[in-house]
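Notes follow once the structure below has been shown.
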Amino acid sequence: MLFSKPKQVVGLDIGTSSIKAFQFKESGGGFQLVHADVRPLDPEVIVDGTVMDAERVVSTIRDICRENKIKVKNVAISVSGISVIVKKINLPEMTEDELDESIQWEAEQYIPFDIDDVNIDYQILKPIGENGNRQMEVLLVAVKKDKINEYTGLVEEAGLTPVVVDVDAFALENMYEINYELNRNEAVALIDIGAGLMNINVVQDGMSAFTRDISIGGNQFSEAIQKEFGVSFEDAERLKRGEDVEGVTFEEVVPILESVSSDISSEILRSFDFYRATSAKSKDAISRVMICGGCSRMKGFRDYLAKNLGLEVGVINPFQNIEILEGSFDFDFIQEIAPTAAVGIGLALRRVDDK
Ligand SMILES: Nc1ncnc2c1ncn2[C@@H]1O[C@H](COP(=O)(O)OP(=O)(O)OP(=O)(O)O)[C@@H](O)[C@H]1O
Ligand SMILES: [Mg+2]
0 MLFSKPKQVV
10 GLDIGTSSIK
20 AFQFKESGGG
30 FQLVHADVRP
40 LDPEVIVDGT
50 VMDAERVVST
60 IRDICRENKI
70 KVKNVAISVS
80 GISVIVKKIN
90 LPEMTEDELD
100 ESIQWEAEQY
110 IPFDIDDVNI
120 DYQILKPIGE
130 NGNRQMEVLL
140 VAVKKDKINE
150 YTGLVEEAGL
160 TPVVVDVDAF
170 ALENMYEINY
180 ELNRNEAVAL
190 IDIGAGLMNI
200 NVVQDGMSAF
210 TRDISIGGNQ
220 FSEAIQKEFG
230 VSFEDAERLK
240 RGEDVEGVTF
250 EEVVPILESV
260 SSDISSEILR
270 SFDFYRATSA
280 KSKDAISRVM
290 ICGGCSRMKG
300 FRDYLAKNLG
310 LEVGVINPFQ
320 NIEILEGSFD
330 FDFIQEIAPT
340 AAVGIGLALR
350 RVDDK
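Each residue of the sequence shown is one higher than the last, beginning at 0 in numbering that gives the first Met the number 0.
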């Protein structure tokens, strides 16, 4: 393989409110942006993590490929939410081959689904314990087969080949690693707050120490505004972004924005408590929170979180270390999509021969 070029993939993030696609080419050890596109999906297309209108998803993927003249057929997609279980487990020390044989059986007790209904993957993290009672820490990932089949089916229907099925939280971590320095002995919480879902991934020593997906996000803000003021989804979206609409001013929706933001920060605090309670004593305290996803663009949201969590909160720029050739992309466009590009960028970093 020495002289063959690494095979590129298109990172395709099928989100609740939009589909994002990115492609890089490797350049001088770094990554250069070749394609970037974000196409909105109407709110009825994907509802609560369920694809209600497969045809629209497929046609949107097709539009993205056609209009950007994307030639690469291999794509990396990701799944998240209730169909995904990520757990750290301790197992007796054994070889990879032995683990390969026993993982199905070992996993059974940790997974709330029928073992035949999930695809299992794992990564051996590190040995723990004393001589005589040697164990190893294993990251166990289980994804419902019907979710994988649904998403790969959509991609195939659009004429593409899904070569990698990732998990949102891990894509986020890959994106973060190429853009930011991860200090040793520091735990950083990466939090993507999209339209339907919030993914939390606490990363420590270059590894995921804790992940959790929670069904809360931008749609909660919009739904609460719709309910209170009887406005359309579109008007609620505009109000959220700081605009006034007929009959309702932005000022009037601020209390709703605060109340939903408070729910989000409570969920984050609960997850942090859980991380602390379940992780080994050697674990570092979370020193920093880095947010992304559409909600990170909301006025005042970052400051609100910082105050409520009592931690430094930064907004992730997934293009920080990506080379963008002068004149190849509109700067305002890149700036505009940056907060919502994190997962898609993480996916575009994957390779054909990745799992
Ligand atoms: N300026 C803004 N102010 C407030 N909310 C915003 C702003 N821009 C985008 N949003 C909200 O962010 C959400 C979209 O974010 P994003 O694209 O990250 O979600 P998604 O990836 O489609 O959804 P998910 O990851 O949950 O499936 C929408 O709810 C949208 O209203
Ligand atoms: Mg998303």
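No residue lacks a Cβ here, since even glycine has one placed at the ideal position from N, Cα and C.
In this model, D243 and F249 are separated by some 5 Å (Cα to Cα). Around the beta carbon of P338, a 10 Å sphere encloses 16 or more other beta carbons of the protein chains shown; the residue is thus reported as buried. Taking 8 Å as the upper bound for CB-CB distance, L32 and E325 are not in contact here, some 12 Å apart. When DSSP states are grouped into helix, strand and coil, D262 belongs to the helix group.
Taking a C-beta distance under 7 Å as the contact criterion, A341 and P317 qualify as a contact pair. Annotated three-state conformation of K70 is coil, per DSSP. With 16 or more other CB atoms across the displayed protein chains lying within 10 angstroms of its CB, D167 is buried. In the three-state scheme derived from DSSP, where H, G and I count as helix and E and B as strand, D243 is classed as coil. DSSP assignment within the segment 70-149 yields the following whole beta strand (DSSP E) runs of 3 residues or more, N-terminal first: 73-78, 83-91, 117-127, 134-143.
Here F330 has no same chain residue with a Cβ atom under 7 Å from its own Cβ, once five neighbours each way along the sequence are excluded. Shown here, F273 sits in a helix according to DSSP, grouped into three states.
P42 is not bridged by DSSP to any residue. Contact check for L238 against G10 fails: the beta carbons are separated by 7 Å or more. T15 and V74 do not touch by the CB rule: their CB atoms are close to 19 Å apart, not below 8 Å. Collapsing the DSSP output to three states places G217 in a helix. Under the 10 Å beta carbon count, L171 is surrounded by 16 or more other beta carbons and is classified as buried.
Listed by position in the chain, the residues whose beta carbon lies within less than 5 Å of some heavy atom of ligand 2 are G14, G193. In this structure, the straight-line span from the alpha carbon of V288 to that of K87 is close to 22 Å.
Comparing alpha carbon positions, the residue from Q103, D12, E156, G205 closest to A35 is D12. Non-local beta-carbon contacts of G128 in its own chain, meaning distances under 7 Å to residues more than five positions away in sequence, involve Q134 in chain order. Secondary-structure assignment with DSSP links D283 through no beta bridge to anything. Of the residues S286, V57, D41, E25, the one whose Cα lies closest to the Cα of N184 is S286. Around R55, the same chain offers V44 as residues with beta carbons nearer than 6 Å, after the five sequence neighbours per side are excluded. Look at F21 here: in three-state DSSP terms it is strand.
When C-beta atoms of the segment 183-200 are compared with those of the segment 104-113, fewer than three pairs fall below 8 Å, so the two segments do not count as touching. In this structure, DSSP gives Q31 an extended state, which the three-state scheme calls strand. Residue burial annotation: P91 is exposed, with fewer than 16 other C-beta atoms found within 10 angstroms of its C-beta. Of all C-beta pairs linking the segment 223-230 to the segment 261-279, fewer than three are shorter than 8 Å, placing the two stretches out of contact.
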